[in-house]
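According to the working numbering, the sequence shown is numbered sequentially starting from -19.
What follows is one structure encoded as structure tokens, with my remarks underneath.
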Amino acid sequence: MAEYVRIEDLGKHVDQEVELRGWLYNSRGSKKIQFLEIRDGSGIVQAIVGSRDVDEATFEAAKHLSQETALSIVGTVKEHPKRPGEYELGAKSFAVLAEPTEEYPITPKEHGVDFLMDHRHLWLRSKRQHAILRVRAEVVAAIRAYFDGNGFINVDAPIFTPNACEGTSTLFETDYHGDTAYLSQSGQLYMEAAAAALGKVYCMGPTFRAEKSKTRRHLAEFWMVEPEVAFMDLEGDMNLAEDFLVSIVARVLKNRAKELELLERDTSKLEMVKPPFPRIRYEEGIQLLQGKGIDKKIGDDFGGEDETIIAESFDRPVIVTHYPSAIKAFYMKRDPEDERWALGMDVLAPEGYGEIIGGGVREESLEVLDGRIREHGLPMEAFDWYRDLRKYGTFPHAGFGLGVERTVAWICGLKHVRETIPFPRMLNRLHP
Ligand code: 4AD
Ligand code: MG
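Have a look at this one:
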């Protein structure tokens, strides 16, 4: 019996007879030879069925296999004659495990994005999607490795919450046994409690925004990683964000070079992601935009296009600080030197990707915080627990949130975030 192996391990079995199990990805052939591209999740390999190597019935059957047939195939592993490090299978026999009951809807021809999104559950079987999902998995692994390796404790934040963290306008509301609960917009408030308990913490999970935005950067459900650190100031927050991003990009470049190549990513741009990142104040961002003829004045928030323009002016991520307090969340501490500005920072990714990180220093005074909760029209009762953090040993602290999908879109060089998450949830999409 031939040993069952995965395609990624074929290199360990050169000249041996093995069994592969997978699906037919593509096939072509001539009178004497059939090339079957087989995928098994770990890779794709070409199996060569020669009319002289198999019996007639097998050869005939090979000609008529349809795309996505599940099969088991036995053959001898050979190194590719022209591409060292790549392998082929000289097929001896195969068994059909399951024939598709209908013609597979996704063919190698071009399909529109809506069609592909409607078939997202099948689209995931395509090469490009394999590459993107592998990069995403690598980014997630890099995030965890970074924090786990730097003294952070992973603390999970709840998804049902009574609190608005990032403002009330983008909350998904749900019935919670007769009470109102919201789907979490951010785990931050809980990470602040956890930072008071454990010092350096992070959470990573899905977060939800009922934004009516239909842009290439917005998902209704996206994954965010949020570190929070006791006794850290804005400078420390920026340094952490910088070191963290550098480590993620370096790890993806090292471990996912093949995937980036398949995605035709210009990796020289990613090689630039080294410290120090340029740091500018919001006001300089406004000046930069005005210098390019854009109608922006102090006090305006940056839109996606503005971020693109600012980010395009730098060859690596740029950190923007000191936004107007008026346009920032209730919890953000104001600059004691000039209260017009918030001690917040955003990191904008280069090549026009825009904001991938938002964060800053949190207001630690109960009195000031109460004022902000009122100003923002938030219900005081829902924040009683959060206010306790300012009552019992209040402490300076800061943190940030990184959007996983925007980061993956940037690293992969994708225009839109929709392909960076297995099953995107967007303004007009809740299916599949
Ligand atoms: O800037 P945001 O709203 O910051 C917060 O939620 C803070 N509470 C985080 C913190 O300090 N702990 O969101 C953080 C990041 C953004 O920079 C962006 O990368 C991503 O989350 N993000 C989105 N990604 C996809 N779709 C959306 N609708 C997103 N909204 C934010
Ligand atoms: Mg933000």
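Think of the CB as a built atom: it goes at the ideal place given N, C-alpha and C, for glycine as much as any other residue.
Here the structure is a predicted model, which means the values were calculated and not measured.
By a beta-carbon distance limit of 8 Å, residue 27 does not contact residue -13. Their separation comes to about 10 Å. Listed in chain order, the alpha helix (DSSP H) elements of length 4 or more contained wholly in the region 153 to 200 are 168 to 178. Straight-line measurement puts the Cα of residue 258 at about 11 Å from the Cα of residue 301.
At least one heavy atom of the ligand 4AD lies closer than 6 Å to the C-beta of residue 198.
Looking at the DSSP output, residue 133 shares a beta bridge with 181. Shortest Cα-Cα distance from residue 250 to any of 92, 272, 113, 331 involves 331. In the structure shown, residue 224 adopts helical secondary structure according to DSSP, grouped into three states. Residue pairing for residue 71: DSSP places it in a beta bridge opposite 55. In this structure residue 405 does not touch residue 397 by the C-beta definition: roughly 11 Å separates them, more than the 8 Å allowed. Here the alpha carbon of residue 348 sits roughly 27 Å from the alpha carbon of residue 187.
Counting along the chain, residue 366 sits inside no beta strand (DSSP E); it lies in the alpha helix (DSSP H) bounded by residues 364 to 371. Between residue 217 and residue 340 the beta-carbon gap is near 7 Å, inside 8 Å, which marks them as a contact. For residue 337, the Cβ falls inside the 6 Å cut-off from some heavy atom of the ligand 4AD. With a cut-off of 6 Å, the C-beta of residue 399 is classified as distant from the ligand 4AD, since no heavy atom of the ligand falls inside that distance.
Of the residues assessed, residue 283 falls on the exposed side of the cut-off, its CB having fewer than 16 other CB atoms within 10 angstroms. In the three-state reduction of the DSSP assignment, residue 408 falls in the coil class. When DSSP reads this structure, residue 78 sits in a beta bridge with 50. When rounded, the separation of the alpha-carbon atoms in residue 7 and residue 79 is 15 Å. The beta carbons of residue 3 and residue 66 sit no closer together than 7 Å. The alpha-carbon of residue -3 is positioned some 30 Å away from that of residue 108. In the three-state DSSP reduction, residue 280 falls in the coil class, being neither helix nor strand. Judged by DSSP secondary structure, residue 14 falls outside any alpha helix (DSSP H) and instead within the beta strand (DSSP E) spanning 13 to 19.
When the beta-carbon positions are compared, residue 323 and residue 214 come within less than 7 Å of each other. Nearest C-alpha to residue 72 among 14, 129, 99, 121: 14.
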